[in-house]
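Just below is one structure, and these are the notes that go with it.
Residue numbers (the working numbering): 70 to 321.
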């Protein structure tokens with residue numbers, strides 16, 4: 070998939086918040102920390118806590134639209150933090166591994182481009198966007214939403230704005246150096262259009278009950294995926310510290 074050109078000596082200057090550390094195993098350090106945090110939380114949740122404590126943890130950290138049909142002042146404060154904390158929980162080994170693989174694939178170029186601070190803010194806001202898009206379509210539903218897939222979908226949407234150079238596929242290694250495409254120009258990029266169409270088609274098939282890879286992990290919140298993707302794709306420009314200009318690239 071990585072058919073991108075080698076980087077030239079000239080690179081865009083990173084702002085104060087940009088990622089300066091060298092990638093660990095080809096991953097930015099903040100992304101490695103994220104993966105470790107998700108793993109530790111899952112291990113504690115599933116292998117350390119007893120059943121009652123585990124249930125208490127999930128109920129108080131998972132997101133559910135049901136919380137918002139009752140007056141907020143008549144309940145605890147879980148309604149305030151669960152739109153973010155649900156993204157740190159996972160329902161099984163397959164669930165966390167599936168999200169980790171996609172997080173590594175699409176999180177790397179985004180983190181390299183926007184830096185750690187913007188990445189943390191992006192995670193928080195995209196998790197909220199995915200959760201409330203899900204809530205809007207499932208208002209008052211009592212099901213619990215967990216998993217980082219909404220954020221991963223937002224990272225996919227963000228990557229579509231810069232990491233898919235025309236006629237070169239997806240460049241995970243050097244993609245963070247390409248100029249940001251406008252929303253309109255993104256739809257003129259054949260690679261972005263094909264990727265986005267296939268991604269939306271897969272999620273809509275899930276919405277209509279078609280079993281796809283990963284469906285055996287339990288119910289899939291396709292609507293949270295869409296909410297996250299739209300957030301990343303439409304709003305990435307607010308997080309991008311690089312100007313919209315062509316970066317000189319040397320061809321191999």
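Where a beta carbon is used, it is the ideal one built from N, C-alpha and C, also for glycine.
Let me confirm a value: residue 231 is counted as buried when at least 16 other C-beta atoms fall within 10 Å, else exposed. Which label applies?
One-based indexing of the chain shown puts residue 231 at position 162. With 16 or more Cβ atoms within 10 Å of its Cβ, residue 231 is classed as buried.
At which residues does the alpha helix (DSSP H) containing residue 148 begin and terminate?
Numbered from 1 along the chain shown, position 79 holds the residue referred to as residue 148. Counting along the chain, the alpha helix (DSSP H) containing residue 148 begins and ends at 147-154.
Under a Cβ-count criterion, where at least 16 other Cβ atoms within 10 Å of its own Cβ denotes burial, should residue 114 be classed as buried or exposed?
Locating residue 114 in the chain shown gives position 45, counting from the first residue. It counts as buried.
What three-state label does DSSP hand residue 107 in the structure shown?
Here residue 107 corresponds to residue number 38 of the chain shown, with the count starting at 1. In the displayed model, residue 107 falls within a helix according to three-state DSSP.
Step through the CB atoms of chain D and report whether any lies within less than 8 Å of the CB of residue 292.
Among the chains of the structure shown, chain D does not appear; only one protein chain is present.
Tell whether a beta-carbon distance below 8 Å holds between residue 293 and residue 203.
Taking the chain shown and counting its residues from 1, one reaches residue 293 at position 224. Taking the chain shown and counting its residues from 1, one reaches residue 203 at position 134. For residue 293 and residue 203, yes; Cβs fall inside 8 Å.
Looking at residue 107 and the ligand FAD, is the gap between the Cβ and the nearest heavy atom below 7 Å?
With respect to small molecules bound, the structure shown includes none, and the ligand FAD cannot be examined in it.
Taking the straight line between their C-alpha atoms, what separation do you get for residue 92 and residue 105?
For the purposes of this step, residue 92 is taken as the residue at position 23 of the chain shown. For the purposes of this step, residue 105 is taken as the residue at position 36 of the chain shown. The predicted position of residue 92 is uncertain, since its pLDDT is 42 and thus under 50; a value taken from the coordinates is nonetheless stated next. Distance between the alpha carbons of residue 92 and residue 105 is about 15 Å.
Using only alpha-carbon positions, find the residue among 234, 122, 149 that is nearest to residue 193.
Within the chain shown, numbered from 1, the residue matching residue 193 stands at position 124. Of the candidates 234, 122, 149, the one whose C-alpha sits nearest the C-alpha of residue 193 is 149.
Tell me whether residue 224 sits in a helix, a strand or coil according to DSSP, three-state version.
Taking the chain shown and counting its residues from 1, the one referred to as residue 224 is at position 155. Residue 224 falls in the helix class under three-state DSSP.
Does DSSP classify residue 311 as helix, strand or coil?
Your numbering for residue 311 matches position 242 in the chain shown. In this structure, residue 311 counts as coil in the three-state DSSP scheme.
Please specify which runs of the alpha helix (DSSP H), each continuous and at least 4 residues long, are wholly inside the segment 155-235, giving them in chain order.
162-206, 218-228
Does DSSP put residue 303 in a helix, a strand or coil?
Here the question's residue 303 lines up with position 234 in the chain shown. Reduced to three states, the DSSP call for residue 303 is helix.
Under 7 Å Cβ to Cβ from residue 135, same chain only, skipping five residues before and after it: list those, please.
For this step, residue 135 is matched to residue 66 along the chain shown. Exclusion of the five residues before and after residue 135 leaves 209, 210, 211 as the residues of its chain whose Cβ lies within less than 7 Å of its Cβ.
So the alpha helix (DSSP H) residue 259 belongs to, where does it begin and stop?
The residue labelled residue 259 in the question sits at position 190 within the chain shown. Segment 259-276, the alpha helix (DSSP H) holding residue 259.
Identify, in the order they occur along the chain, each residue of the same chain with its Cβ nearer than 8 Å to the Cβ of residue 123, setting aside the five sequence neighbours on each side.
One-based indexing of the chain shown puts residue 123 at position 54. Excluding sequence neighbours, residue 123 sits near 114, 115.
If we ignore side chains and look at the alpha-carbon of each, how far apart do residue 173 and residue 183 end up?
Position 104 of the chain shown, counted from the first residue, corresponds to residue 173. Position 114 of the chain shown, counted from the first residue, corresponds to residue 183. Cα to Cα, residue 173 sits roughly 15 Å from residue 183.
How should residue 306 be labelled, buried or exposed, when 16 other C-beta atoms within 10 angstroms of its C-beta is the threshold for buried?
For the purposes of this step, residue 306 is identified with residue 237 of the chain shown, where counting begins at 1. Label assigned to residue 306: exposed.
Taking residue 132 as the reference, give the member of 240, 224, 221, 146 with the closest Cα.
Along the chain shown, read from residue 1 onward, the residue named residue 132 stands at position 63. Residue 132 has its Cα closest to that of 146, out of 240, 224, 221, 146.
List the DSSP bridge partners of residue 132.
As a first step, residue 132 must be located in the chain shown, where it is residue number 63. According to DSSP, residue 132 bridges with 214.
Determine, using beta carbons only, whether residue 225 and residue 291 come nearer to each other than 8 Å.
Walking along the chain shown from the start, residue 225 turns up at place 156. Walking along the chain shown from the start, residue 291 turns up at place 222. Not closer than 8 Å, so no.
Give every residue of the same chain whose Cβ lies closer than 7 Å to the Cβ of residue 255, excluding the five residues on either side of it in the sequence, and list them in chain order.
Locating residue 255 in the chain shown gives position 186, where the first residue counts as 1. Closer than 7 Å at the Cβ level, and outside the excluded window around residue 255, lie 229, 230, 261.
Who are the near neighbours of residue 141 in its chain, counting only those whose CB is closer than 7 Å to its CB and skipping five residues on each side?
The residue you call residue 141 lines up with position 72 of the chain shown. So the list reads 148, once near-sequence residues are dropped.
Terminal residues of the continuous alpha helix (DSSP H) containing residue 253?
One-based indexing of the chain shown puts residue 253 at position 184. First-last of the alpha helix (DSSP H) with residue 253: 252-255.
Give the straight-line distance between the Cα atoms of residue 166 and residue 258, rounded to the nearest whole angstrom.
The residue labelled residue 166 in the question sits at position 97 within the chain shown. The residue labelled residue 258 in the question sits at position 189 within the chain shown. Taking the straight line from one Cα to the other gives about 31 Å.
Does the beta-carbon of residue 266 have 16 or more other beta-carbons within 10 angstroms, so that it is buried, or is it exposed?
By one-based count along the chain shown, residue 266 stands at place 197. Result: exposed.
What is the DSSP secondary structure of residue 118, counted as helix, strand or coil?
Stepping through the chain shown from its first residue, residue 118 is reached at position 49. Three-state DSSP puts residue 118 in coil, outside helix and strand.
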